[in-house]
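Structure first, then comments.
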Amino acid sequence: MAQNTLAVCIIARDEASSIARAIASVKPIADEVIVVDTGSTDNTPDIARSLGAKVVRHVWEDDFSKARNAAIEAATCEWILFLDADETVCEESLEEVRSAISGDADAFFVRIESRVRSQAGKTFVNSFPRLFRRLPGVEFEGRVHEQVLPSLQRVGARIAHSNIVIRHAGYDLSKEEMAEKLWRNCRLLEADLERDPGNGLTLFHLGETHNLLGNHGEAVQYYSRAIENGRLPRAVESVCLQNLASALIKLKCYGEALEKLDAAERANSRLLGVYLLKASARFGMKDYEQAEAEIRRYLQKARHFVGDATSRLDFHPDIASALILIAKCRFARGDNEGAKQALEEALRLDNNYDAHVLLAKLAFEQLRFADAVVHFEQALKISPEDERLHFELAKSYLACGEIA
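Position one of the sequence shown corresponds to residue -7 (this note's numbering), numbered consecutively onward.
Given below as structure tokens:
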């Protein structure tokens, strides 16, 4: 096995519209590309072969780990980089991948950026060990939300963080498509739980899935069970506490949410999302001054944020969301000008849906109808399926003396 060689592994099924982009994004650095096809009925395998990939047929068994492990078995290189068929490696990260596999570490966390169309086009960031040496005993576990980290830890792999960025388009779906995907994940996770009822990670991922579906009561139950069974890795336990609090806030259980957030902070002081969620809970309790104080704590920590490989499951800094929450606090106190300043600052950082909507509503209230039109139009570019915004934009056009 040649040193510092890289196999890029991709699991695919009916991905003819995206597989070429995934392969093209890694062509400059991949010594081999392995595509494990789990039963495509389109020309995904032919496209992959035409781009030089080795295609491996795999019978789908409702188990993502088995498919990923089949890719590892088919690889011949020293290093593995896993991509989904709807992902691409950022061009700016290619050189860092090559640099990483020339170093001493055995695995690297990489940054996964996922745009979620059903949540107003927001981009969510997570980090996972997608790049690792093909060491004996390293394999994926779990039918869905499959993990390689437990086996890396068992074999004593040296794990480091990297600035490698992968962009994931798999959640750039309509609300209906997103719900279908999440319910599929639920079914697979429930099958895992039936096989291993005490698996804390499976309980955690069921909580995550129900939270995304808007089933916050069910999410609270699964998160609570995951924490109570005491088998979660420490880094995941703190995130579980944090996300449990998020579900409780949606249920307006603000006091209980603050208790969970205090516990999450004790478990992991680098968990930035804790402070933003504390601010959300305080906002729900109409304690606007304390909410702003929590946001200031968040901003202070975000500007000095550092983390290691064991803490990369936390939230990455989201300054724009913090500024939007500051704006909401100021609106609630009647400080419209202060709110406007915070929203404009948020837009300088991120073309944010919520910031555009709030600025549009403020402009409409202040009879600045042309400004309202501009911001509603920008919000609709981000979330074109939002019927409510089409109505608000039409009202703004009419107020300007125009007909949409």
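For every residue, glycine included, the Cβ atom is placed at its ideal position computed from N, Cα and C.
Check: Skipping 5 residues on each side, what residues in its chain have a beta carbon closer than 6 Å to that of F74?; Outcome: C1, R122
Check: Mapping the DSSP letters down to three states, classify E105 as helix, strand or coil.; Outcome: strand
Check: Just the C-alpha distance for Q(-5) and H160, rounded to the nearest angstrom, thanks.; Outcome: 29 Å
Check: Assign W71 to one of three DSSP states: helix, strand, or coil.; Outcome: strand
Check: In whole angstroms, what is the alpha-carbon distance linking V24 and I151?; Outcome: Checking the sequence, you will find Glu at residue 24 rather than Val. So the two alpha carbons sit approximately 23 Å from each other.
Check: My output table needs one value for K244: the three-state DSSP class, helix, strand or coil.; Outcome: coil
Check: Looking only at its chain, what residues have a beta carbon closer than 8 Å to the beta carbon of K387, apart from the 5 residues adjacent to it on each side?; Outcome: F356
Check: I think L335 touches L351, with their Cβ atoms under 8 Å apart; what is that distance to the nearest whole Å?; Outcome: 5 Å
Check: Near F361, which residues of its chain fall below 6 Å by C-beta distance, leaving aside the five closest residues on each side in sequence?; Outcome: S388, A391, C392
Check: Mapping the DSSP letters down to three states, classify L205 as helix, strand or coil.; Outcome: helix
Check: Looking only at DSSP bridge pairs, what is H153 linked to?; Outcome: F101
Check: Inspect the beta-carbon positions of H42 and E131 and report whether they are closer than 9 Å.; Outcome: Going by the sequence as given, residue 42 is Ser instead of His. Their beta carbons are not under 9 Å apart, which means S42 does not touch E131 by this criterion.
Check: Tell me, please, whether the region 237 to 246 touches the region 271 to 289 by the rule of three or more beta-carbon pairs shorter than 8 Å.; Outcome: yes
Check: Count the other CB atoms, across all protein chains shown, that sit within 10 Å of the CB of W175; report buried if there are 16 or more and exposed otherwise.; Outcome: exposed
Check: Kindly provide the ranges of any alpha helix (DSSP H) runs that are 4 or more residues long and lie completely inside the region 323 to 350, ordered along the chain.; Outcome: 328 to 341
Check: Can you tell me which of the three DSSP states P189 falls into?; Outcome: coil
Check: Figure out for me which residue from N328, D6, A237, F124 has the closest Cα to the Cα of G95.; Outcome: F124
Check: Check whether the region 313 to 330 touches the region 259 to 276, taking contact to mean three or more Cβ pairs, one atom from each stretch, closer than 8 Å.; Outcome: yes
Check: Since V27 is in the beta strand (DSSP E), which residue starts that stretch and which ends it?; Outcome: 24 to 29
Check: Specify the secondary structure class of H160 as computed by DSSP and reduced to three states.; Outcome: strand
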